[in-house]
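A.B. asks: Quick one: the structure is below, questions incoming.
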Amino acid sequence: MVSTSFLDVSNTSHFSLQNLPYGVFAPSSGGTRRVGVALGSNVIDLAALSKAGMFPGAHLQQSQCFSKGTLNTFMSMGRGAWTEARTTLTRLLGDSEGALRDNEQLRKKAVIPMAAFVGPGNELGSAISTAEASDHLFGMVLMNDWSARDIQKWETVPLGPFTGKNWVCPYFTVLIDHTPLC
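This is how it looks when you write it as structure tokens:
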């Protein structure tokens, strides 16, 4: 049985509940580097989830491993911690679990949208296949998607449809630098 997330994840996304890749990120608001996982076009802040007590198992309950600037501590904890993290994340992010889905304050802290910069575009109405995507995607950035939060009405009035979303980082990852990883 394939689980689905309560977050909007495209059917063609490589980052679904079945593939939650770990990484380290830092919010532009001046916070420290910490561990997260990608889900669709979002980064899930595992340090925020841990601080909120969402990892109640024996391996992760008292651990600060997700608050570190590297994956080293988490990786050194072994298979028990890895399995506990994966099981907990699959449950928390699934569409039938309300602990994260129904907690708006925690969702604001833990779910961070990403955005892509497109280089060469395509003709209006024509699709770009996944095989061609790497030829079109220039880079990625963390994005503050205000329209999905408290001030959704301000996305179109008076700001206009495109200024209701704000980049949270002046720097972005250029995908060509990570070609072997993509």
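Residue 104 in the working numbering is what sits at position 61 of the sequence shown, and the numbering runs on without skipping anything.
Note that beta-carbon positions come from the ideal geometry of N, C-alpha and C, so glycine has one too.
1) Measuring only the C-alpha atoms, how far is His57 from Arg77?
2) In whole angstroms, what separates the C-alpha of Asn54 from that of Ser172?
3) With distance defined between alpha-carbon atoms, name the residue in Leu63, Ser93, Gly96 nearest to Val80.
4) Contact check, Val52 vs Leu82 under 8 Å by CB: the rounded distance?
5) Whole alpha helix (DSSP H) runs in the segment 88 to 119 with 4 or more residues, listed along the chain?
6) Rounding to the nearest angstrom, what Cα-Cα distance links Ala101 and Glu166 in this structure?
7) Whose C-beta lies closer than 7 Å to the C-beta of Thr116 among residues of the same chain, with five residues either side of it excluded?
8) I believe Met97 touches Leu135 by the beta-carbon criterion, under 8 Å. Please report the beta-carbon distance rounded to the nearest angstrom.
9) Classify Met118 as buried or exposed, calling it buried when 16 or more other Cβ atoms lie within 10 Å of its own Cβ.
10) Verify the contact flag: Ile87, CB atom, against every heavy atom of the ligand ADP, threshold strictly below 7 Å.
11) Below 8 Å on the Cβ atoms is my contact criterion, and I expect Thr133 with Ser46 to pass it. Report the Cβ-Cβ distance as a whole number of Å.
C.D. replies: Taking the geometry as given:
1) By one-based count along the sequence shown, residue 57 stands at place 14. By one-based count along the sequence shown, residue 77 stands at place 34. Approximately 22 Å between the Cα atoms of the pair.
2) Indexing the sequence shown from 1 puts residue 54 at position 11. Indexing the sequence shown from 1 puts residue 172 at position 129. Going from the Cα of Asn54 to the Cα of Ser172 covers about 14 Å.
3) For the purposes of this step, residue 80 is taken as residue 37 along the sequence shown, with counting starting at 1. Taking only the C-alpha atoms, the option nearest Val80 is Leu63.
4) As a working note, residue 52 is residue 9 in the sequence shown. As a working note, residue 82 is residue 39 in the sequence shown. That belief holds up - the Cβ atoms of Val52 and Leu82 are roughly 6 Å apart, short of 8 Å.
5) The qualifying runs are 89 to 94, 115 to 119.
6) Position 58 of the sequence shown holds residue 101. Position 123 of the sequence shown holds residue 166. So the alpha carbons of these two residues sit roughly 53 Å apart.
7) As a first step, residue 116 is located in the sequence shown; it is residue number 73 there, counting from the start. These residues qualify, in order along the chain: Cys108.
8) Position 54 of the sequence shown holds residue 97. Position 92 of the sequence shown holds residue 135. Confirmed, about 6 Å.
9) On the sequence shown, residue 118 is found 75 positions in, with the first residue counted as 1. With fewer than 16 other Cβ atoms within 10 Å, it is exposed.
10) The model on display carries no ligand, and the ligand ADP is accordingly not part of it.
11) In the sequence shown, counting from the first residue as 1, residue 133 sits at position 90. In the sequence shown, counting from the first residue as 1, residue 46 sits at position 3. Contact holds; Cβ gap of about 6 Å.
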